[in-house]
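Undergrad: If you're matching them up, the sequences are chains A and B in order. Each residue of the first sequence is one higher than the one before, starting from 1 at the first, in my numbering. Each residue of the second sequence is one higher than the one before, starting from 1 at the first, in my numbering.
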Amino acid sequence: MYRYDEQDHKLIRERVAQFRGQTERYLAGELSEEEFLPLRLQNGLYVQRLAPMLRIAVPYGLMNSTQVRRLAHITRKYDKGYAHFTTRQNVQLNWPNLEDVPDILAELAEVEMHAVQTSGNCIRNTTTDQFAGVAADELVDPRPYCELIRQWSTFHPEFAFLPRKFKIAVCGTDEDRAAIRAHDIGVQIVKNDQGETGFQVFVGGGLGRTPILGVAIRDFLPETHLLSYLEAIVRVYNQLGRRDNKFKARIKILVKAMGPEEFARRVEAEWEQIKDGADELTVEAIQWAKRFFPEQPYKTFKAGHGEAVLRDQAGGDKAFARWLERNTFPHRVEGYQAVTLSTKPTGIPPGDVTDRQLEAIADLSDEFSFGEVRVTHEQNVVLADVEQEKLFALWQAARKHGFATPNIGTLTDMICCPGGDYCSLANAKSIPVAEAIQRKFDDLDYLYDLGDLDLNISGCMNACGHHHIGHIGILGVDKKGEEFYQVQLGGSANQDASLGKVLGPSFSRDEMPATIGKILDVFVENRQPEEFFIDTYKRIGLQPFKERVYAKAS
Amino acid sequence: MPKPAEKSTVKKTPKAKTIGAQPENPAQLIVDGKVADNQWNLLPLTGEEEVSADNLVAGKIILPASVWLALREALQDRKQEIGVWLDSDETADLIGEYAGELPLIAAHFPAFTDGRGFTAARLLRERYGFTGEMRAVGNFIRDQLSYLTRCGFNAFAFQGEQPLSALTESLRDFSDSYQAAVDQPLPIHRRRALA
Numbered sequence: 001m002y003r004y005d006e007q008d009h010k011l012i013r014e015r016v017a018q019f020r021g022q023t024e025r026y027l028a029g030e031l032s033e034e035e036f037l038p039l040r041l042q043n044g045l046y047v048q049r050l051a052p053m054l055r056i057a058v059p060y061g062l063m064n065s066t067q068v069r070r071l072a073h074i075t076r077k078y079d080k081g082y083a084h085f086t087t088r089q090n091v092q093l094n095w096p097n098l099e100d101v102p103d104i105l106a107e108l109a110e111v112e113m114h115a116v117q118t119s120g121n122c123i124r125n126t127t128t129d130q131f132a133g134v135a136a137d138e139l140v141d142p143r144p145y146c147e148l149i150r151q152w153s154t155f156h157p158e159f160a161f162l163p164r165k166f167k168i169a170v171c172g173t174d175e176d177r178a179a180i181r182a183h184d185i186g187v188q189i190v191k192n193d194q195g196e197t198g199f200q201v202f203v204g205g206g207l208g209r210t211p212i213l214g215v216a217i218r219d220f221l222p223e224t225h226l227l228s229y230l231e232a233i234v235r236v237y238n239q240l241g242r243r244d245n246k247f248k249a250r251i252k253i254l255v256k257a258m259g260p261e262e263f264a265r266r267v268e269a270e271w272e273q274i275k276d277g278a279d280e281l282t283v284e285a286i287q288w289a290k291r292f293f294p295e296q297p298y299k300t301f302k303a304g305h306g307e308a309v310l311r312d313q314a315g316g317d318k319a320f321a322r323w324l325e326r327n328t329f330p331h332r333v334e335g336y337q338a339v340t341l342s343t344k345p346t347g348i349p350p351g352d353v354t355d356r357q358l359e360a361i362a363d364l365s366d367e368f369s370f371g372e373v374r375v376t377h378e379q380n381v382v383l384a385d386v387e388q389e390k391l392f393a394l395w396q397a398a399r400k401h402g403f404a405t406p407n408i409g410t411l412t413d414m415i416c417c418p419g420g421d422y423c424s425l426a427n428a429k430s431i432p433v434a435e436a437i438q439r440k441f442d443d444l445d446y447l448y449d450l451g452d453l454d455l456n457i458s459g460c461m462n463a464c465g466h467h468h469i470g471h472i473g474i475l476g477v478d479k480k481g482e483e484f485y486q487v488q489l490g491g492s493a494n495q496d497a498s499l500g501k502v503l504g505p506s507f508s509r510d511e512m513p514a515t516i517g518k519i520l521d522v523f524v525e526n527r528q529p530e531e532f533f534i535d536t537y538k539r540i541g542l543q544p545f546k547e548r549v550y551a552k553a554s
Numbered sequence: 001m002p003k004p005a006e007k008s009t010v011k012k013t014p015k016a017k018t019i020g021a022q023p024e025n026p027a028q029l030i031v032d033g034k035v036a037d038n039q040w041n042l043l044p045l046t047g048e049e050e051v052s053a054d055n056l057v058a059g060k061i062i063l064p065a066s067v068w069l070a071l072r073e074a075l076q077d078r079k080q081e082i083g084v085w086l087d088s089d090e091t092a093d094l095i096g097e098y099a100g101e102l103p104l105i106a107a108h109f110p111a112f113t114d115g116r117g118f119t120a121a122r123l124l125r126e127r128y129g130f131t132g133e134m135r136a137v138g139n140f141i142r143d144q145l146s147y148l149t150r151c152g153f154n155a156f157a158f159q160g161e162q163p164l165s166a167l168t169e170s171l172r173d174f175s176d177s178y179q180a181a182v183d184q185p186l187p188i189h190r191r192r193a194l195a
């Protein structure tokens, strides 16, 4: 993974010193609330319902075990002994003291971490596929490009006060595991007929109160032009994006108002002016970035040997077989598999882990996966490089630490924002809804029979829980001061991305598990063999679900 | 290089627009890292401009961009004492290649969170060859000084009572950078690949 050199260390240290000064001025009353707000946001610090919340950056979701151990230490020393993985592959602390934040940032800087630009109207942490570099279906490893984007966007002097937040995602596979069309810019790695690497560039996607899927404004951008093209897009947006209404300030609104063709024309005109300038990536610069993501020192295994061992073990242990099926992912190297540690056992807020669990993750990564850890946008943790022969041992260890719930990709592997329990923006709580659904659907055989199913919950229309792109999406709404939940069906984050449609009038919290039950019944009754929920939905549409859910009791 | 917007006739009033908060004209400011007396008189946009080249005040003045565009030809012999200020909804191409003949351009920040001026300054410096004083006016804050500098500003006319010499400390918040900008023509990826 990327390692800081002296320049990175210096820049991050200077940032910590800058924020320490700003915090001191704020506490001394020399910096107003209004002025401190965007400064603290750009250092990851929110002020939430109960306490400040600090969002720590995990660039494209990748951490080493030293960093994970430092997080565990920080949660113990400065917080309540737990942390939360977010849908943007970051980590949040829910209870730090504002006065302690400069010290926390200094401790993070020692292990090459920071909280820079994890909030605020600036370019945020770039995200990608959690299986980057190991996926068998990958065209090119996206991580070197993500790192180049990280460096380009970090402390970008021109783009620190954009009209609104700005999110970039990169994907190196056909199956989009990074939801790139739900981002302000989505970068899809492609190859042209000559076999050269380049990018298809999507722009103007986003969730929130006006969910829109990004549209392609360029089908092939040569790889050396990545940063200059991003610069051109953000520059057009910085000049022309709306600033009069924060709900209309995202780039998606500008692209829609202007029309994607006109927006693309302006980007191309700007890019023409700068494409051969200093931002052009040299071949050497790309090679330099790629050196940080070398082939791991994999062992050589005989073809089929690992599978045979696993078949044997799975044959004698149904629980292991389930876990193997749901929580592991094929690896491009013979004899290896990627493992997802589930942070979603029933009764724990999705994405929450304790300090002890963080240390366990660090230990497991050292023992089984070259000391590297990835955070997924589904709020789980991936160990990407596990020998098949060691999966059984890893499974046993993961069970001990509460990470082996074999529910990855199923109904109970929900994406869920912190909601009204923590967040001051939320209209409704989301964690208790997630828990009630997990409790109702705890029969693993039933969950497996349902198959792949994304259920996403957001506590308000800001959509941190990505409800628009869940196969089933749940949105907390406020009705005359009471918490209600709207259900949407048919969203998808994959390459055939789509936004969910609202089923109908919203439900009380108590009604939610039964409502989900009715929706699942319609699916089970109508499914054809091999169909997942989203396939059946796309075939039969919203109506059958609507009729069942809103049927009058007879 | 794109041409600036052409104006064929001298108009007495700029195009009708809502007049927002106008930048102040402080007695002192920071120029090139030091506290200096303000030599320039910034004329706000009043919405009732009846200015012509003949009735303009004497001395060094900073005109609203729309007024300057209308009077540019007529002010040729006062070129060295005429500067221009851009409001935040006015882009650098409004001045375009005329930038080269101006001694001073100011960019107005109606609110410090309005970041359009950062792009305006960079384009004036990097695209339109502006080498004069690039002045920030309005409600920017000291915590933006390092980024403003990177984008090409070298003068900072803070509003209200401010301890100017203390503020200059914030000019040095960062001693290095990742991206290319006005102060550093090579991005870090190029410098590292060369090393």
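For glycine and all other residues, C-beta sits at the position ideal for the given N, C-alpha and C.
List the DSSP bridge partners of glycine 476 of chain A.
TA: Stepping through the first sequence from its first residue, residue 476 of chain A is reached at position 476. Glycine 476 of chain A is bridged to A:Tyr485.
Undergrad: With a threshold of 7 Å on Cβ separation, who are the neighbours of methionine 461 of chain A within its own chain once the five nearest residues in sequence on each side are excluded?
TA: The residue given as residue 461 of chain A occupies position 461 in the first sequence. If we look at methionine 461 of chain A and ignore the five residues flanking it on each side, its Cβ neighbours are Gly208, Arg209, Leu475.
Undergrad: Where leucine 105 of chain A and leucine 71 of chain A are concerned, what is the direct C-alpha to C-alpha distance, given to the nearest angstrom?
TA: Here residue 105 of chain A refers to the residue found at position 105 when the first sequence is read from its first residue. Here residue 71 of chain A refers to the residue found at position 71 when the first sequence is read from its first residue. Roughly 11 Å between the two C-alpha positions.
Undergrad: At a Cβ cut of 7 Å, what residues of the stretch 225 to 237 of chain A count as close to chain B, listed as they run along the chain?
TA: Arg235
Undergrad: When the distance is taken between beta carbons, is aspartate 184 of chain A closer than 8 Å to glutamine 495 of chain A?
TA: Taking the first sequence and counting its residues from 1, one reaches residue 495 of chain A at position 495. Taking the first sequence and counting its residues from 1, one reaches residue 184 of chain A at position 184. The answer is no: Cβ separation not under 8 Å.
Undergrad: Can you check whether the C-beta of alanine 278 of chain A is within less than 8 Å of a C-beta belonging to chain B?
TA: Position 278 of the first sequence holds residue 278 of chain A. Yes, contact with chain B.
Undergrad: In this structure, does DSSP put arginine 135 of chain B in helix, strand or coil?
TA: Taking the first residue of the second sequence as position 1, residue 135 of chain B is located at position 135. Correct three-state label for arginine 135 of chain B: strand.
Undergrad: I'd like the list of long-range same chain contacts for glutamate 270 of chain A, defined as Cβ closer than 7 Å, with 5 residues on each side in sequence excluded.
TA: Taking the first sequence and counting its residues from 1, one reaches residue 270 of chain A at position 270. Answer for glutamate 270 of chain A: Ala232, Arg235, Val236, listed in chain order.
Undergrad: Please report the distance separating the alpha-carbon of alanine 338 of chain A from that of serine 430 of chain A.
TA: The residue you call residue 338 of chain A lines up with position 338 of the first sequence. The residue you call residue 430 of chain A lines up with position 430 of the first sequence. If I take the Cα positions, the gap works out to 30 Å.
Undergrad: Quick check on the burial criterion: 16 or more other C-beta atoms within 10 angstroms. Buried or exposed for glutamate 90 of chain B?
TA: As a working note, residue 90 of chain B is residue 90 in the second sequence. Looking at its Cβ environment, which holds 16 or more other Cβ atoms inside 10 Å, glutamate 90 of chain B is buried.
Undergrad: Could you give the C-beta distance for leucine 411 of chain A and leucine 450 of chain A, rounded to a whole number, given that I count them as a contact under 8 Å?
TA: Residue mapping note: residue 411 of chain A aligns to position 411 of the first sequence, counting from 1. Residue mapping note: residue 450 of chain A aligns to position 450 of the first sequence, counting from 1. Yes, they are in contact, since the Cβ atoms of leucine 411 of chain A and leucine 450 of chain A sit about 6 Å apart, within 8 Å.
Undergrad: Give a yes or no on whether the minimum CB-CB distance between phenylalanine 161 of chain A and chain B is below 8 Å.
TA: Stepping through the first sequence from its first residue, residue 161 of chain A is reached at position 161. For phenylalanine 161 of chain A, the answer is yes, since a Cβ of chain B falls inside 8 Å of its Cβ.
Undergrad: For a cutoff of 8 Å on Cβ pairs, would you count glutamate 14 of chain A as touching chain B?
TA: Residue numbering aside, residue 14 of chain A sits at position 14 when the first sequence is read from its first letter. It does; some Cβ of chain B falls within 8 Å.
Undergrad: Whose Cβ in chain A lies nearer than 7 Å to the Cβ of arginine 135 of chain B?
TA: Looking up residue 135 of chain B in the second sequence gives position 135. Near arginine 135 of chain B there are no residues of chain A at all, since even the closest Cβ is about 17 Å away, more than 7 Å.
Undergrad: Give the residues of chain B in contact with arginine 243 of chain A, contact being defined as C-beta atoms less than 7 Å apart.
TA: Mapped onto the first sequence, residue 243 of chain A falls at position 243. Neighbours of arginine 243 of chain A on chain B, chain order: Asp114.
Undergrad: Measure the beta-carbon distance from leucine 29 of chain B to asparagine 38 of chain B and round it to whole angstroms, keeping in mind my assumption that it falls under 8 Å.
TA: As a first step, residue 29 of chain B is located in the second sequence; it is residue number 29 there, counting from the start. As a first step, residue 38 of chain B is located in the second sequence; it is residue number 38 there, counting from the start. Right, their Cβ atoms sit about 5 Å apart.
Undergrad: Roughly how many angstroms lie between the CA atoms of glycine 61 of chain A and lysine 79 of chain B, to the nearest whole one?
TA: Locating residue 61 of chain A in the first sequence gives position 61, where the first residue counts as 1. Locating residue 79 of chain B in the second sequence gives position 79, where the first residue counts as 1. Rounded to whole angstroms, glycine 61 of chain A to lysine 79 of chain B spans 55 Å at the Cα level.
Undergrad: Can you give, in chain order, each stretch of the beta strand (DSSP E) that sits fully within the stretch 41 to 72 of chain B and has at least 3 residues?
TA: Runs found: 61 to 64.
Undergrad: Find the residues of chain A that neighbour histidine 108 of chain B, judging by a C-beta separation of less than 9 Å, and give them in chain order.
TA: Within the second sequence, residue 108 of chain B is the residue found at index 108, counting from 1. Chain A residues near histidine 108 of chain B: none, gap ~14 Å exceeds 9 Å.
Undergrad: Going by DSSP, which residues form a beta bridge with isoleucine 457 of chain A?
TA: Your numbering for residue 457 of chain A matches position 457 in the first sequence. Paired residue(s): A:Cys416, A:Ile474.
Undergrad: Can you name, in chain order, every residue of its own chain whose Cβ lies under 7 Å from the Cβ of valine 16 of chain A, other than the five neighbours on each side?
TA: In the first sequence, the residue the question calls residue 16 of chain A occupies position 16. Once the five neighbours on either side are set aside, the close Cβ partners of valine 16 of chain A are Pro102, Leu105, Ala106, Ala109.
Undergrad: Leaving out five residues before and five after leucine 53 of chain B in sequence, what residues of the same chain have Cβ atoms less than 7 Å from its Cβ?
TA: Here residue 53 of chain B refers to the residue found at position 53 when the second sequence is read from its first residue. Per the sequence shown, residue 53 of chain B should be read as alanine rather than leucine. Answer for alanine 53 of chain B: Leu71, Ala74, Leu75, listed in chain order.
Undergrad: Closer than 7 Å, Cβ to Cβ, to anything on chain A: give me those residues from the stretch 150 to 174 of chain B, in chain order.
TA: Arg150, Cys151, Asp173, Phe174
Undergrad: Would you list, in chain order, the members of the stretch 192 to 210 of chain A that have their beta-carbon closer than 9 Å to a beta-carbon of chain B?
TA: none
Undergrad: Considering only heavy atoms of the ligand ZN, does any lie closer than 7 Å to the CB of aspartate 478 of chain A?
TA: Looking for the ligand ZN in the displayed structure turns up nothing, as the structure carries no ligands at all.
Undergrad: Since phenylalanine 159 of chain A contacts asparagine 238 of chain A with CB under 8 Å, what's their CB separation in whole angstroms?
TA: Against the first sequence, residue 159 of chain A aligns to sequence position 159. Against the first sequence, residue 238 of chain A aligns to sequence position 238. At roughly 6 Å, the Cβ-Cβ gap stays under 8 Å, so phenylalanine 159 of chain A and asparagine 238 of chain A are in contact.
Undergrad: What would DSSP say about glutamate 378 of chain A, mapped onto helix, strand or coil?
TA: Within the first sequence, numbered from 1, the residue matching residue 378 of chain A stands at position 378. Looking at glutamate 378 of chain A - three-state DSSP - the assignment turns out to be coil, as it is neither helix nor strand.
Undergrad: By DSSP, does leucine 186 of chain B sit in helix, in strand, or in coil?
TA: Position 186 of the second sequence, counted from the first residue, corresponds to residue 186 of chain B. In the three-state scheme derived from DSSP, where H, G and I count as helix and E and B as strand, leucine 186 of chain B is classed as coil.
Undergrad: Of the residues that make up the stretch 268 to 297 of chain A, which ones have a beta carbon closer than 8 Å to any beta carbon in chain B?
TA: Gln273, Gly277, Ala278, Asp279, Leu281, Thr282, Glu284, Ala285, Gln287, Trp288, Ala289
Undergrad: Within 8 Å of any Cβ in chain A, is that where the Cβ of isoleucine 62 of chain B sits?
TA: On the second sequence, position 62 is the one that residue 62 of chain B refers to. No, isoleucine 62 of chain B lies away from the interface with chain A (no Cβ there is under 8 Å from its Cβ).
Undergrad: Within the stretch 6 to 93 of chain A, note down every full alpha helix (DSSP H) run reaching 4 residues or more, in order along the chain.
TA: 6 to 27, 33 to 41, 65 to 78
Undergrad: In the structure shown, what three-state DSSP assignment does glutamine 337 of chain A receive?
TA: Along the first sequence, one-based indexing puts residue 337 of chain A at 337. DSSP places glutamine 337 of chain A in strand when its eight states are reduced to three.
Undergrad: Count the other CB atoms, across all protein chains shown, that sit within 10 Å of the CB of alanine 303 of chain A; report buried if there are 16 or more and exposed otherwise.
TA: Numbered from its first residue, the first sequence carries residue 303 of chain A at position 303. By the neighbour-count rule (16 or more Cβ atoms within 10 Å), alanine 303 of chain A is not buried but exposed.
Undergrad: Threshold first: 3 residues or longer. Then list the beta strand (DSSP E) segments lying entirely within the stretch 165 to 232 of chain A, N to C.
TA: 168 to 171, 185 to 191, 197 to 203, 215 to 222
Undergrad: For lysine 11 of chain B, I'd like the list of residues in its chain whose CB is within less than 6 Å of its CB, leaving aside the five on either flank, ordered along the chain.
TA: To locate residue 11 of chain B, count along the second sequence from 1; it is residue 11. Residue confidence for lysine 11 of chain B is low, a pLDDT of 44 falling below 50, so the modelled location carries little weight and cannot support an answer.
Undergrad: Which residues in chain A have a C-beta closer than 9 Å to the C-beta of proline 23 of chain B? List them in chain order.
TA: One-based indexing of the second sequence puts residue 23 of chain B at position 23. Near proline 23 of chain B there are no residues of chain A at all, since even the closest Cβ is about 17 Å away, more than 9 Å.
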